[in-house]
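Scroll down for the structure; my scribbles are underneath it.
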Amino acid sequence: MTDPTIDAVTSALTSVPGLTALVLGGSRARGTAGPGSDYDLGLYYAPQAPLDVVALQAALEPLVDIAGEAQVTRLGEWGPWINGGGWLSIGGRKVDLLYRDLGRVGDVIADCRAGRVSMDYQPGHPHGFCSAIWMGEVALCRPLFDRGEAVAALKQLTTPYPEALRQALIARFRWEVRFAIEIAATAIARGDQTHIAGSAYRALACVAQVLFAANRRYLINEKGALAETETLPVRIHGVVEDASAIWSAIGARDFATALDRLRTVAAALEAAVARSALQSL
Numbered sequence: 001m002t003d004p005t006i007d008a009v010t011s012a013l014t015s016v017p018g019l020t021a022l023v024l025g026g027s028r029a030r031g032t033a034g035p036g037s038d039y040d041l042g043l044y045y046a047p048q049a050p051l052d053v054v055a056l057q058a059a060l061e062p063l064v065d066i067a068g069e070a071q072v073t074r075l076g077e078w079g080p081w082i083n084g085g086g087w088l089s090i091g092g093r094k095v096d097l098l099y100r101d102l103g104r105v106g107d108v109i110a111d112c113r114a115g116r117v118s119m120d121y122q123p124g125h126p127h128g129f130c131s132a133i134w135m136g137e138v139a140l141c142r143p144l145f146d147r148g149e150a151v152a153a154l155k156q157l158t159t160p161y162p163e164a165l166r167q168a169l170i171a172r173f174r175w176e177v178r179f180a181i182e183i184a185a186t187a188i189a190r191g192d193q194t195h196i197a198g199s200a201y202r203a204l205a206c207v208a209q210v211l212f213a214a215n216r217r218y219l220i221n222e223k224g225a226l227a228e229t230e231t232l233p234v235r236i237h238g239v240v241e242d243a244s245a246i247w248s249a250i251g252a253r254d255f256a257t258a259l260d261r262l263r264t265v266a267a268a269l270e271a272a273v274a275r276s277a278l279q280s281l
């Protein structure tokens, strides 16, 4: 079934200089979108022939709901990991654009396949930006056009899920779950609710990272990730209920109860990882 928003944007951007590939990402690419879901579009370009953002803006201008609102950034304006893009409204729908440098994406995929990942501070990503997100974006996206099959070639490197990446992500985030809990415990005597809440968030975000990796699934957005883990084969039963109880206890300033519940989640994670290791044998 065709989508008029996707069709209009694809047609408008086909001739933009420097745009090597346009892909659909997010929930619409995964088939989990609701009727009001945003459109997430990735714009891939070769570093030796960068995307012409002036031409891009001109191509988008006839599509946006409000004249003059086709504002897009310069390359790199949003930092090394988000890069740049734009937030648009087209046909009453939110359309988010993100730039991706094919050279850097290829390098990151090579690193991930070798078990090398990084985690960087990034506004909009409370847990940080994990470099493996770029590999996951390629794995899960649906190309709308792909000159020279540049994205298709990268896609071939994302399946099967690399064992080195699985092990690296589990090793990186597994230890932090209990570390974050114990750091939070040091703040109980001060009654530092904000610090305890922040540590609890990090612990739960790490739980999601570990469970996705244990299941050989790419985690590309921490929003909704913990809930999604309950649909995976290797999971912690009732983890969303656990998280809700943890937040309620923190809100009520019952910090000891919150951290005890979080320790229960950490123990369940260890058991889940052990099960996944046995299944890998």
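So for the sequence shown, UniProt numbering puts the first residue at 1; every next one is plus one. Where is the CB? At the ideal position from N, CA and C, for every residue including glycine.
- A direct Cα-to-Cα measurement between Ile90 and Val64 gives close to 5 Å.
- By the 16-neighbour rule on beta-carbons within 10 angstroms, Ile66 is exposed.
- For Arg174, the closest alpha carbon among the candidates His195, Phe255, Leu204 and Gln193 is that of Leu204.
- In the three-state reduction of the DSSP assignment, Ala21 falls in the strand class.
- Taking each of Cys206, Ala70, Phe129 and Ala110 in turn and checking the Cα distance to Trp78, the smallest one comes out for Phe129.
- With a cutoff of 8 Å on beta-carbon distance, Val16 and Ala46 are scored as not near each other.
- Excluding the 5 residues flanking it on each side, Gln122 has same chain C-beta neighbours closer than 8 Å at Gly79, Trp81, Ile82, Gly128 and Phe129, in chain order.
- Straight through space, the alpha carbons of Ala132 and Leu269 are spaced by roughly 21 Å.
- Taking C-beta separations shorter than 6 Å and ignoring five residues to either side along the sequence, the partners of Ala225 in its chain run Ala208 and Leu219, following chain order.
- With the rule of 3 Cβ pairs closer than 8 Å, the segment 164 to 172 does not count as touching the segment 232 to 249.
- If you draw a straight line from the Cα of Met135 to the Cα of Asp146, it is about 17 Å long.
- With a 10 Å radius around the Cβ and a threshold of 16 neighbouring Cβ atoms, Arg74 comes out exposed.
- For the beta strand (DSSP E) assignment, the uninterrupted runs of no fewer than 3 residues enclosed by the segment 112 to 148 are, from N- to C-terminal side, 119 to 122, 125 to 130 and 142 to 146.
- For the 8 Å CB-CB criterion, Ala21 and Ser27 do not form a contact.
- Following the DSSP letters along the chain, one finds Gly86 in no alpha helix (DSSP H) but inside the beta strand (DSSP E) bounded by residues Gly85 to Ile90.
- For Lys94, the enclosing beta strand (DSSP E) stretches over residues Arg93 to Asp101.
- With 16 or more other CB atoms across the displayed protein chains lying within 10 angstroms of its CB, Asp111 is buried.
- Counting only the Cα atoms, Thr158 lies some 19 Å from Gly31.
- Positions of the beta strand (DSSP E) runs, each at least 3 residues long and wholly inside the segment 25 to 78, are given as 39 to 45 in order along the chain.
- Nearest in C-alpha terms to Trp87, of all of Gly106, Met119 and Leu60, is Leu60.
- Judged by DSSP secondary structure, Gln193 falls within the alpha helix (DSSP H) whose first and last residues are Gln193 to Ala214.
- Taking the Cβ atoms as the reference, Leu144 lies roughly 15 Å from Tyr99, outside the contact range of under 8 Å.
- For the set Val95, Pro162 and Ala49, the Cα lying nearest the Cα of Glu69 is the one of Val95.
- Pairing Ala266 with Ile183 gives a Cβ-Cβ distance that is not under 8 Å.
- By the CB criterion at 8 Å, Leu41 and Leu102 fall outside the cutoff.
- Between Arg104 and Pro162 the beta-carbon gap is near 18 Å, outside 8 Å, which marks them as no contact.
- For the pair Thr5 and Leu24, the Cα-to-Cα distance works out to about 11 Å.
- Inter-residue distance for Gly148 and Gln48 is about 15 Å (C-alpha atoms, whole angstroms).
- In this structure, the alpha-carbon of Gly85 lies about 42 Å from that of Arg190.
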